[in-house]
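Protein chains: 2
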Amino acid sequence: MRIVVLAGGIGGARFLRGLKAAAPDADITVIGNTGDDIHLFGLKVCPDLDTVMYTLGGGIHEEQGWGRSGETFAVKEELGAYGIGPDWFGLGDRDFATHIVRTQMIGAGYPLSAVTEALCARWQPGVRLIPMTDDRVETHVVIDAPEDGGRKAVHFQEYWVRLHASVPAHAILPVGAEQSKPAPGVLEAIAEADVILFPPSNPIVSVGTILAVPGIREAIADAGVPVVGLSPIVGDAPVRGMADKVLAAVGVDATAAAVAQHYGSGLLDGWLVDTVDAAAVPDVESAGIRCRAVPLLMTDVDAAAQMAREALRLAEEVSA
Amino acid sequence: MRIVVLAGGIGGARFLRGLKAAAPDADITVIGNTGDDIHLFGLKVCPDLDTVMYTLGGGIHEEQGWGRSGETFAVKEELGAYGIGPDWFGLGDRDFATHIVRTQMIGAGYPLSAVTEALCARWQPGVRLIPMTDDRVETHVVIDAPEDGGRKAVHFQEYWVRLHASVPAHAILPVGAEQSKPAPGVLEAIAEADVILFPPSNPIVSVGTILAVPGIREAIADAGVPVVGLSPIVGDAPVRGMADKVLAAVGVDATAAAVAQHYGSGLLDGWLVDTVDAAAVPDVESAGIRCRAVPLLMTDVDAAAQMAREALRLAEEVSA
Numbered sequence: 015m016r017i018v019v020l021a022g023g024i025g026g027a028r029f030l031r032g033l034k035a036a037a038p039d040a041d042i043t044v045i046g047n048t049g050d051d052i053h054l055f056g057l058k059v060c061p062d063l064d065t066v067m068y069t070l071g072g073g074i075h076e077e078q079g080w081g082r083s084g085e086t087f088a089v090k091e092e093l094g095a096y097g098i099g100p101d102w103f104g105l106g107d108r109d110f111a112t113h114i115v116r117t118q119m120i121g122a123g124y125p126l127s128a129v130t131e132a133l134c135a136r137w138q139p140g141v142r143l144i145p146m147t148d149d150r151v152e153t154h155v156v157i158d159a160p161e162d163g164g165r166k167a168v169h170f171q172e173y174w175v176r177l178h179a180s181v182p183a184h185a186i187l188p189v190g191a192e193q194s195k196p197a198p199g200v201l202e203a204i205a206e207a208d209v210i211l212f213p214p215s216n217p218i219v220s221v222g223t224i225l226a227v228p229g230i231r232e233a234i235a236d237a238g239v240p241v242v243g244l245s246p247i248v249g250d251a252p253v254r255g256m257a258d259k260v261l262a263a264v265g266v267d268a269t270a271a272a273v274a275q276h277y278g279s280g281l282l283d284g285w286l287v288d289t290v291d292a293a294a295v296p297d298v299e300s301a302g303i304r305c306r307a308v309p310l311l312m313t314d315v316d317a318a319a320q321m322a323r324e325a326l327r328l329a330e331e332v333s334a
Numbered sequence: 015m016r017i018v019v020l021a022g023g024i025g026g027a028r029f030l031r032g033l034k035a036a037a038p039d040a041d042i043t044v045i046g047n048t049g050d051d052i053h054l055f056g057l058k059v060c061p062d063l064d065t066v067m068y069t070l071g072g073g074i075h076e077e078q079g080w081g082r083s084g085e086t087f088a089v090k091e092e093l094g095a096y097g098i099g100p101d102w103f104g105l106g107d108r109d110f111a112t113h114i115v116r117t118q119m120i121g122a123g124y125p126l127s128a129v130t131e132a133l134c135a136r137w138q139p140g141v142r143l144i145p146m147t148d149d150r151v152e153t154h155v156v157i158d159a160p161e162d163g164g165r166k167a168v169h170f171q172e173y174w175v176r177l178h179a180s181v182p183a184h185a186i187l188p189v190g191a192e193q194s195k196p197a198p199g200v201l202e203a204i205a206e207a208d209v210i211l212f213p214p215s216n217p218i219v220s221v222g223t224i225l226a227v228p229g230i231r232e233a234i235a236d237a238g239v240p241v242v243g244l245s246p247i248v249g250d251a252p253v254r255g256m257a258d259k260v261l262a263a264v265g266v267d268a269t270a271a272a273v274a275q276h277y278g279s280g281l282l283d284g285w286l287v288d289t290v291d292a293a294a295v296p297d298v299e300s301a302g303i304r305c306r307a308v309p310l311l312m313t314d315v316d317a318a319a320q321m322a323r324e325a326l327r328l329a330e331e332v333s334a
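Keeping their order, the protein sequence lines are chains V and B. The first sequence lines up with residues 15 to 334 when you count with the numbering used here. The second sequence lines up with residues 15 to 334 when you count with the numbering used here.
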């Protein structure tokens with residue numbers, strides 16, 4: 015079975031670990047979000063790709079969900095001593111090595127997809143990880159700029175990590191997306207997929223950014239295979255992260271049903287909501303999307319695997 | 015008193031620490047060798063500039079003489095796990111931060127001299143440290159290439175660090191030197207100097223490379239102020255490092271007298287040899303260079319300070 019998964023960071027990575035356990039023989043291609051990518055200290059940092067790679071490759075900081083296990087922070091401390099920031103982005107020494115290798119390869123002319131493949135040669139994530147695009151796309155968030163009485167756009171990481179999404183977001187802009195092309199292999203993987211899954215990643219800044227790359231949304235809609243998603247909202251709040259803040263920016267309620275309707279029946283065939291949101295099932299189904307209520311908290315790999323099994327079961331059901 | 019010092023790495027840095035102790039009120043400008051510079055992992059590494067900066071700024075690994083105190087090696091270990099080399103160049107995590115800042119600033123368009131000044135703003139070395147040039151100069155060493163029956167040129171660091179200077183060097187090539195220009199401030203500092211000193215740095219690959227930048231040798235010769243050097247050879251062997259190997263490559267004997275004659279009376283006014291080489295004094299003087307035999311082992315800062323005092327005393331003597 016060929017499965018394509020559109021993944022953001024932590025939620026996507028943990029779901030994928032469950033999917034690998036649930037479908038050990040499946041051929042899994044992950045299309046990773048690169049809208050979170052940021053240049054820091056002259057280095058190219060790809061938080062979502064790395065979170066997937068580290069999580070599936072056994073290098074992740076388990077509790078934190080991002081970054082490396084056994085991490086140290088000597089480089090960051092020294093950069094601070096030089097007065098070089100930002101200091102709000104937690105790059106560890108082991109993580110720095112990944113960004114140094116990536117930046118060196120990109121400087122040598124390799125596209126990000128080739129670099130990602132090279133990095134994965136070490137991590138052996140057990141999936142094929144492809145960035146959504148080799149082009150530069152950066153998610154910017156429009157926030158108030160009270161100092162000049164107007165608004166300004168900041169990099170997603172500044173909004174998310176530095177400001178903790180604590181200020182109102184007025185718009186989410188995937189800058190560069192319109193001009194970007196899917197990375198080599200993305201459209202082919204979608205065309206050859208038996209099932210396409212949207213893990214409980216952020217529907218706006220993770221899955222939404224991937225869908226903003228021209229050609230990807232259309233390829234999924236036209237693939238003619240079941241497309242099943244899992245709600246990142248449980249009981250009217252994000253399972254983790256601050257998805258509600260960016261949903262508000264695009265006028266979508268922070269409910270499991272509203273997210274399904276945001277994706278829409280043109281894209282989604284099936285949708286899983288948590289058991290606490292069982293009351294939302296009729297709403298989603300009335301929008302033309304098959305819906306089931308199952309436990310959606312990825313408390314451990316077994317729980318994530320069970321969610322993956324439910325998603326594959328729903329895919330089978332909608333294709334029947 | 016304005017003192018200009020042409021410095022390589024460890025020997026130059028330790029001498030400078032002594033000079034600062036011996037002449038605390040002097041205005042010291044250090045012209046640093048950049049021929050050892052190397053690009054590693056996409057980062058610009060300036061070993062000699064950093065050794066001077068760390069030594070005078072209190073960040074040096076004392077016993078080793080290069081690199082940072084309290085150093086860790088997580089980044090290097092990770093790069094190795096990615097299969098990215100070279101593994102023979104010992105970059106520590108703290109040191110990496112310096113190269114990251116430098117590379118970022120150079121990428122932003124700053125010349126190396128401005129970058130060095132910015133790095134020194136943190137380290138406060140108590141001297142003005144200027145790279146010999148903002149242009150790219152790389153010392154290459156011609157060695158045998160038995161695999162193809164010929165010879166090849168390797169980067170100085172490969173010869174020095176990876177091969178430990180254990181193979182014959184047939185030539186030392188300061189690649190790019192002919193086209194290079196002295197960095198801003200270099201010629202001005204020489205023109206305004208009261209004394210110019212050559213510390214016991216390597217006469218070929220450190221001081222010699224600086225002198226290979228067009229204009230610097232001439233400026234020193236024309237400065238009309240005492241130029242005094244200290245022998246890096248004591249008892250017919252280098253005090254540290256492998257200067258004898260590169261001296262052989264250019265046909266200079268590894269003796270205190272031969273090094274003085276290599277610099278020549280057109281450049282040098284005074285030369286200090288170690289007391290064990292007192293017999294060489296007449297040879298040096300017959301070449302037109304005032305010579306004194308004094309202890310030249312920099313066992314500690316006091317010993318280095320005493321050497322600096324002797325150098326300044328000889329400078330006074332030759333100008334009388």
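We put the CB at the ideal spot given by N, CA and C, even for glycine.
Going by DSSP, which residues form a beta bridge with V/A159? As a first step, residue 159 of chain V must be located in the first sequence, where it is residue number 145. Looking at the DSSP assignment, V/A159 forms a beta bridge with V/G164.
Give a yes or no on whether the C-beta atoms belonging to V/R249 and V/D291 are separated by under 9 Å. Walking along the first sequence from the start, residue 249 of chain V turns up at place 235. Walking along the first sequence from the start, residue 291 of chain V turns up at place 277. Arg is not the amino acid found at residue 249 of chain V; the sequence shown has Gly there. Yes. Within cutoff.
Please report how far the alpha carbon of B/E91 lies from the alpha carbon of V/H75, in whole angstroms. Looking up residue 91 of chain B in the second sequence gives position 77. Looking up residue 75 of chain V in the first sequence gives position 61. Each residue's Cα considered, the two are about 18 Å apart.
Which chain B residues are close to V/A319, counting only those with a beta carbon under 8 Å from its beta carbon? Locating residue 319 of chain V in the first sequence gives position 305, counting from the first residue. Those do not exist, as V/A319 stays about 28 Å from chain B at its closest Cβ, beyond 8 Å.
C-alpha gap between B/T130 and B/D297, whole angstroms: Within the second sequence, the letter at position 116 stands for residue 130 of chain B. Within the second sequence, the letter at position 283 stands for residue 297 of chain B. Approximately 40 Å, taken between the alpha carbons.
Would you say V/T69 and V/A27 are within 9 Å of each other, going by their C-beta atoms? The sequence position of residue 69 of chain V within the first sequence is 55, counting from 1. The sequence position of residue 27 of chain V within the first sequence is 13, counting from 1. Yes, Cβ-Cβ distance for V/T69 and V/A27 is below 9 Å.
Along chain B, in chain order, which residues have C-beta atoms closer than 9 Å to that of V/A207? Mapped onto the first sequence, residue 207 of chain V falls at position 193. Result: empty, since nearest Cβ-Cβ is about 30 Å, beyond 9 Å.
Does any CB atom of chain V fall closer than 9 Å to the CB of B/G278? If you number the second sequence from 1, residue 278 of chain B lands on position 264. Taking Cβ atoms only, chain V never reaches closer than 9 Å to B/G278, which makes this a no.
State the Cα-Cα distance for the pair V/V295 and V/M67, rounded to the nearest angstrom. Here residue 295 of chain V corresponds to residue number 281 of the first sequence, with the count starting at 1. Here residue 67 of chain V corresponds to residue number 53 of the first sequence, with the count starting at 1. Near 34 Å, if we compare the C-alpha coordinates of V/M67 and V/V295.
Please work out which residues of its chain come closer than 7 Å, Cβ to Cβ, to V/L93, disregarding the five sequence neighbours upstream and downstream, and give them in chain order. Within the first sequence, the letter at position 79 stands for residue 93 of chain V. So the qualifying residues of the chain are F55.
Does the beta carbon of B/T86 sit closer than 9 Å to a beta carbon anywhere in chain V? Translated into positions along the second sequence, residue 86 of chain B becomes position 72. Chain V contact via Cβ: present.
Under 7 Å between beta-carbons, which chain V residues line up against B/G121? List them in chain order, please. Against the second sequence, residue 121 of chain B aligns to sequence position 107. The answer, in chain order, is G56.
Checking contacts by CB at 9 Å: is B/R314 closer than that to chain V? Within the second sequence, numbered from 1, the residue matching residue 314 of chain B stands at position 300. At residue 314 of chain B the sequence reads Asp, which differs from the Arg that was named. Closer than 9 Å: no.
Taking the beta carbon of B/A197 as the centre, do at least 16 other beta carbons fall within 10 Å, making it buried, or is it exposed? By one-based count along the second sequence, residue 197 of chain B stands at place 183. With 16 or more Cβ atoms within 10 Å of its Cβ, B/A197 is classed as buried.
Taking only three categories from DSSP, how would you classify V/H178? As a working mapping, residue 178 of chain V is identified with position 164 in the first sequence. Here V/H178 sits in coil by DSSP.
Short CB-CB distance (under 9 Å) between B/V89 and chain V: For this step, residue 89 of chain B is matched to residue 75 along the second sequence. Chain V contact via Cβ: present.
Run down chain V in chain order and give the residues with a C-beta less than 8 Å from the C-beta of B/D358. The question about residue 358 of chain B has no answer, for chain B in this structure spans 15 to 334.
From the beta carbon of B/V59, is the nearest beta carbon of chain V less than 9 Å away? The residue given as residue 59 of chain B occupies position 45 in the second sequence. Taking Cβ atoms only, chain V never reaches closer than 9 Å to B/V59, which makes this a no.
Measure from the alpha carbon of B/V155 to the alpha carbon of each residue in B/P139, B/L63, B/L187 and B/P125, then state which is nearest. Indexing the second sequence from 1 puts residue 155 of chain B at position 141. Checked all of B/P139, B/L63, B/L187 and B/P125; the closest Cα to B/V155 is B/L187.
Pairs of beta-carbons, one from the segment 313-332 of chain V and one from the segment 25-45 of chain V, closer than 8 Å: are there three or more? yes
Given this structure, state the Cα-to-Cα distance separating V/L225 from V/R150, to the nearest angstrom. Counting from 1 along the first sequence, the entry for residue 225 of chain V is found at position 211. Counting from 1 along the first sequence, the entry for residue 150 of chain V is found at position 136. So the two alpha carbons sit approximately 15 Å from each other.
Helix, strand or coil at B/I303 [DSSP, three-state]: By one-based count along the second sequence, residue 303 of chain B stands at place 289. Coil at B/I303, not helix or strand.
Does any residue of chain V have a CB that is nearer than 9 Å to the CB of B/I74? Counting from one through the second sequence, the residue named residue 74 of chain B turns up at place 60. Closer than 9 Å: no.
To the nearest whole angstrom, what separates the beta carbons of V/L328 and V/V242, a pair I think is in contact under 8 Å? Locating residue 328 of chain V in the first sequence gives position 314, counting from the first residue. Locating residue 242 of chain V in the first sequence gives position 228, counting from the first residue. Contact holds; Cβ gap of about 5 Å.
Does any C-beta atom of chain V lie closer than 9 Å to the C-beta of B/Q118? Position 104 of the second sequence, counted from the first residue, corresponds to residue 118 of chain B. Yes, B/Q118 lies at the interface with chain V (some Cβ there is under 9 Å from its Cβ).
Between the Cα of B/R16 and the Cα atoms of B/V209, B/E299 and B/A263, which residue gives the shortest distance? As a first step, residue 16 of chain B is located in the second sequence; it is residue number 2 there, counting from the start. The shortest Cα separation from B/R16 among B/V209, B/E299 and B/A263 belongs to B/V209.
Opening and closing residue of the alpha helix (DSSP H) in which V/R136 lies: Your numbering for residue 136 of chain V matches position 122 in the first sequence. L126 to W137 is the span of the alpha helix (DSSP H), which, as asked, contains V/R136.
Which of the three DSSP states is assigned to V/T65 in this structure? Here residue 65 of chain V refers to the residue found at position 51 of the first sequence. The answer is helix: DSSP assigns V/T65 an H, G or I state.
Where do the ends of the beta strand (DSSP E) carrying B/H184 lie? By one-based count along the second sequence, residue 184 of chain B stands at place 170. A183 to V189 is the extent of the beta strand (DSSP E) around B/H184.
With 16 other Cβ atoms within 10 Å as the buried cut-off, status of B/Q193: Locating residue 193 of chain B in the second sequence gives position 179, where the first residue counts as 1. So B/Q193 counts as exposed.
Just to confirm my understanding: we take V/I120, look at its own chain, exclude 5 residues before and 5 after, and list those with CB closer than 8 Å. What are they? Against the first sequence, residue 120 of chain V aligns to sequence position 106. Excluding residues within five positions, the ones whose Cβ falls inside 8 Å are K58, L126 and V129.
Starting from the beta carbon of V/A350, find every residue of chain B whose beta carbon is closer than 7 Å, and list them in chain order. Here chain V comprises residues numbered 15 to 334, so residue 350 of chain V is not present and cannot be evaluated.
Tell me the DSSP bridge mates of V/V115? Walking along the first sequence from the start, residue 115 of chain V turns up at place 101. Answer is none; V/V115 lacks a bridge partner.
What does DSSP give as the partner residue(s) for B/G243 in the beta ladder? Counted from its first residue, the second sequence places residue 243 of chain B at position 229. DSSP lists B/F212 and B/W285 as partners of B/G243.
Cβ-based neighbour list, B/A317, same chain, cut-off 6 Å, excluding 5 preceding and 5 following: Taking the second sequence and counting its residues from 1, one reaches residue 317 of chain B at position 303. Excluding residues within five positions, none has a Cβ falling inside 6 Å.
Rounding to the nearest angstrom, what Cα-Cα distance links B/S279 and B/V141 in this structure? Translated into the one-based positions of the second sequence, residue 279 of chain B becomes position 265. Translated into the one-based positions of the second sequence, residue 141 of chain B becomes position 127. The alpha-carbon atoms of B/S279 and B/V141 are separated by roughly 28 Å.
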